[in-house]
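To start, the structure itself, in structure tokens.
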Amino acid sequence: MHDGHADAMSVLVERGVCDTEQADDYALTLRSKLLFYAVGLVGFFSYQIFVIGVDTVLQVQGIAGVAFTFLLLPGCYLPVAIDFISEYMTLHILIPHWLSRGDVGLFFFDPQNMGGFQPIGNLLKNSYYFYTGGLLLYLIFFYGLFVTPIQGSVSNAPGVAEATMFSGLWLFGLLTISYSMYKIHKIMKSERKAQLRTIEREIHDLIDNPHDISNAEIPDQDQLDALEYRLGQIQATSEYPTTFTMWTQIGISVLLPQILQLTLQATI
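For the sequence shown, the numbering used here assigns the number 330 to the last residue and increments by one with no breaks.
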């Protein structure tokens, strides 16, 4: 994720949205991460104390389970989760927002016909795969270990609180991937339309009597050929930074966790 964030920042610098120094500022600050961590701690301990109960954890898992639940989880695993969420939010919310505010041009000579935006599309896709992996770990921890023969892993059967939390996380992922893809698509579509209008005007101005195809005259055929070549490059450029295969993979990643959660919930 950190490498993906660095790659995304390099794309911003290459496209002139920001310079190298500004790129270092285009991320969630340490203060913001600490705030997220504090909120995460409040939510975590509230869940463990008021939903699960300290007595239940102690009775089922013993002293070792209490130490793991109240020391190791919030002290080691939660910071990693918060860091991941902050990077994920940067990629899916902040970077598309910054790109939409900047004067971003498309690379219409891109051999992939994606205007040079394929790296960003791959970053969004891969980061969402990691997010889906986190949702699957959530299911394993709260549902999978409960329905397996392993005893003592989960103290209570997953209930409304766990299902609601999972649905909220799943919906957050769905909204963020939709937002980031929509913003990038909007940028590409707008730039593509603007360039098509420009080419149309240039061709119109070049041809004498352009609205009469039978009597139209072309004073400069070489210039027209150059304009038509540029037109072909623009028309061939996609308005999405993804391929059909990528969309299929993203769709599976969106649906799979929710289907598994509903299936596991039905077995309890």
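Ideal placement from N, C-alpha and C gives every residue a C-beta, glycine not left out.
Three or more Cβ pairs closer than 8 Å define a contact, and the segment 182 to 194 meets that threshold against the segment 232 to 243. Assignment of Asp117 by DSSP, reduced to helix, strand and coil, places it in the helix class. Cβ-Cβ distances below 8 Å link Ala278 to Ile269, Asp270, Asn271, Pro272 in the same chain, with the five nearest sequence neighbours on each side left out; the list follows chain order.
Here Leu161 is not near Ile265, since their CB atoms are 8 Å or more apart.
By the beta-carbon neighbour count (other beta carbons within 10 angstroms, threshold 16), Phe204 is buried.
When C-beta atoms of the segment 239 to 259 are compared with those of the segment 278 to 291, fewer than three pairs fall below 8 Å, so the two segments do not count as touching. The beta strand (DSSP E) runs lying completely inside the segment 179 to 203 and spanning 3 residues or more number zero. Contact annotation, Ile144 with Lys95: C-beta distance approximately 6 Å; criterion of less than 8 Å satisfied. Here Glu149 carries a helix assignment [DSSP, helix/strand/coil]. The residues Gly183, Lys187, in chain order, have a CB closer than 7 Å to that of Met308 in the same chain once the five nearest residues on each side in sequence are set aside. With a cutoff of 8 Å on beta-carbon distance, Ser242 and Pro319 are scored as not near each other. As a beta-bridge residue in DSSP terms, Asp270 pairs with Glu279. The alpha-carbon of Glu76 is positioned some 20 Å away from that of Lys251.
For Gly177, the number of other beta carbons within 10 angstroms of its own is at least 16, and it is reported as buried. Residue burial is scored here from C-beta neighbours: Ser315 has at least 16 other C-beta atoms within 10 angstroms and is therefore classed as buried.
Rounded to whole angstroms, the gap between the alpha carbons of Glu290 and Glu253 is 18 Å. Assigned with DSSP and collapsed to three states, Asp172 falls in coil, not helix or strand. The shortest C-alpha to C-alpha distance from Phe98 to any of Gly206, Gln323, Met151 is the one to Met151. If you draw a 10 Å sphere on the C-beta of Leu168, you find 16 or more other C-beta atoms in it, and that means buried. In the assembly as shown, Tyr190 is a buried residue. Its beta-carbon has 16 or more other beta-carbons within 10 Å. A residue is called buried when at least 16 other Cβ atoms come within 10 angstroms of its Cβ; Ile330 does not meet this threshold and is exposed. Cβ contact annotation for Pro141 (same chain, cutoff 7 Å, sequence separation greater than five): Tyr99, in chain order. By the Cβ neighbour-count rule, Pro220 is buried, with 16 or more other Cβ atoms within 10 Å of its own. Leaving aside the five residues that flank Ala225 on each side, the residues in its chain whose CB is nearer than 8 Å to its CB run, in chain order, Gln323, Gln327.
The C-alpha of Val166 lies about 47 Å from the C-alpha of Gln110. Looking at the backbone, the Cα of Arg93 and that of Glu149 are separated by about 14 Å. Close CB contacts of Ala223 within its chain, under the 8 Å cut and outside five residues either way in sequence, are with Tyr109, Val113 (chain order).
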